[in-house]
Amino acid sequence: MCGRYSLTTPLDALRSLFDFESLLNLPPRYNIAPTQEAAVVRTSDVGGRELAMLRWGLIPSWSKEASMGAKLINARSETVAEKPSFREAFRSRRCLIPADGFYEWRMEEGRKQPFRIGMKGGIPFAFAGLWEQWTAKAASTGIAEGESVETFTILTTPANDKLRPIHARMPVILAPETFDPWLDAANDPHSLLSLLGPYPVAPMAFYRVGTAVNNVRNDDPSCIAPLTAIAG
3 MCGRYSLTTP LDALRSLFDF ESLLNLPPRY NIAPTQEAAV VRTSDVGGRE
53 LAMLRWGLIP SWSKEASMGA KLINARSETV AEKPSFREAF RSRRCLIPAD
103 GFYEWRMEEG RKQPFRIGMK GGIPFAFAGL WEQWTAKAAS TGIAEGESVE
153 TFTILTTPAN DKLRPIHARM PVILAPETFD PWLDAANDPH SLLSLLGPYP
203 VAPMAFYRVG TAVNNVRNDD PSCIAPLTAI AG
């Protein structure tokens with residue numbers, strides 16, 4: 003499961019990696035949590051890539067309630083092609099979720115210890131994601147009747163050897179050379195399943211952080227401050 007992540011990388015560096023067009027102001031985020039808005043890269047209506055702000059927690063187009071999104075922050079890569087909640091989005095609404103770290107918790111001495119996980123050197127990367135547009139047929143959870151909301155989910159896969167001692171699963175991380183095939187809606191989605199395995203161990207690193215990240219109201223540099231040396 004991936005339930006928190008960070009994106010503190012400057013916009014120019016993200017634009018260089020993801021090759022998108024955007025006029026958005028993107029302040030650093032240290033503790034992105036479900037149901038919040040976050041940056042997503044997807045194919046625009048006129049071609050090319052765009053950066054958009056979507057709500058984290060996918061609401062299927064057929065859902066009667068917006069609250070369903072809070073339960074669908076992750077999609078298991080093993081079942082994404084068949085599960086009704088995700089299969090339509092997997093077919094044609096795939097996206098990239100920029101990040102530069104994510105958090106997982108492990109029990110240590112009777113309490114949950116948070117870890118920040120990412121790439122060596124703190125470089126940004128992309129989660130594999132799906133997005134959906136949902137229109138309220140009636141007023142629902144602060145959304146007016148007829149209002150449309152765009153939402154996303156993050157795909158997960160079994161953890162690699164480095165991360166397995168912390169958590170059994172990890173988000174799917176896509177290498178830059180796979181961005182184009184992942185985003186191309188014309189591709190057969192089943193041909194993309196091979197991209198959804200664990201990310202290689204060698205480029206990744208993690209370290210313990212303090213408990214500030216436990217509270218979704220905390221969204222400042224204290225969330226990413228190391229308690230221990232980074233483990234390569």
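Going by this note's numbering, the first residue of the sequence shown is number 3, and it counts up by one from there. For every residue, glycine included, the Cβ atom is placed at its ideal position computed from N, Cα and C.
If we ignore side chains and look at the alpha-carbon of each, how far apart do G49 and M70 end up?
Residue numbering aside, residue 49 sits at position 47 when the sequence shown is read from its first letter. Residue numbering aside, residue 70 sits at position 68 when the sequence shown is read from its first letter. If you take the alpha carbons of G49 and M70, they lie about 31 Å apart.
Mind checking whether I168 and F117 have CB atoms under 7 Å apart?
The sequence position of residue 168 within the sequence shown is 166, counting from 1. The sequence position of residue 117 within the sequence shown is 115, counting from 1. Their beta carbons are under 7 Å apart, which means I168 touches F117 by this criterion.
Output the boundary residues of the alpha helix (DSSP H) element that contains L16.
Residue numbering aside, residue 16 sits at position 14 when the sequence shown is read from its first letter. Its alpha helix (DSSP H) spans residues L13 to F20.
Return yes when the Cβ of S224 is within less than 7 Å of the Cβ of D102, no when it is not.
On the sequence shown, position 100 is the one that residue 102 refers to. On the sequence shown, position 222 is the one that residue 224 refers to. In this structure, S224 does not lie closer than 7 Å to D102 by Cβ.
Using a 10 Å radius around the Cβ and a threshold of 16 neighbouring Cβ atoms, would you call D47 buried or exposed?
For the purposes of this step, residue 47 is taken as the residue at position 45 of the sequence shown. Its Cβ having fewer than 16 others within 10 Å, D47 is exposed.
Applying the criterion that 16 or more other CB atoms from any shown protein chain within 10 Å of the CB defines a buried residue, is I34 buried or exposed?
Position 32 of the sequence shown, counted from the start, is the residue given in the question as residue 34. Flag for I34 reads buried.
Start and end of the alpha helix (DSSP H) containing E90?
One-based indexing of the sequence shown puts residue 90 at position 88. Unbroken alpha helix (DSSP H) run through E90: R89 to S94.
State the CB to CB distance for the pair W184 and A130, rounded to an integer number of angstroms; the pair is presumed to be in contact (CB under 8 Å).
As a working mapping, residue 184 is identified with position 182 in the sequence shown. As a working mapping, residue 130 is identified with position 128 in the sequence shown. Sure, about 6 Å apart at Cβ, within 8 Å.
How is the alpha helix (DSSP H) around L185 delimited, first residue to last?
What you label residue 185 is simply residue 183 of the sequence shown in a count that begins at 1. Taken as a continuous stretch (DSSP letters only), the alpha helix (DSSP H) holding L185 covers F181 to L185.
Drop a sphere of 10 angstroms on the beta-carbon of S27, count the other beta-carbons inside from all chains shown, and report buried for 16 or more, exposed for fewer.
As a working mapping, residue 27 is identified with position 25 in the sequence shown. Per the sequence shown, residue 27 should be read as Asn rather than Ser. N27 should be labelled exposed.
Anyone know if the C-beta pair for M121 and P62 falls short of 7 Å?
Stepping through the sequence shown from its first residue, residue 121 is reached at position 119. Stepping through the sequence shown from its first residue, residue 62 is reached at position 60. No. Outside cutoff.
Taking C-beta to C-beta, are E149 and A91 nearer than 7 Å?
Residue mapping note: residue 149 aligns to position 147 of the sequence shown, counting from 1. Residue mapping note: residue 91 aligns to position 89 of the sequence shown, counting from 1. No; because the gap between Cβ atoms is not below 7 Å, this pair is not in contact.
Going by beta-carbon coordinates alone, are V43 and L53 separated by less than 7 Å?
The count along the sequence shown starts at 1 and reaches residue 43 at position 41. The count along the sequence shown starts at 1 and reaches residue 53 at position 51. In contact: V43 and L53 (Cβ atoms closer than 7 Å).
Taking 8 Å as the threshold, find out whether the stretch 71-88 comes into contact with the stretch 152-171 through three or more Cβ pairs.
Judged by Cβ distances under 8 Å, the stretch 71-88 makes contact with the stretch 152-171, as three or more pairs qualify.
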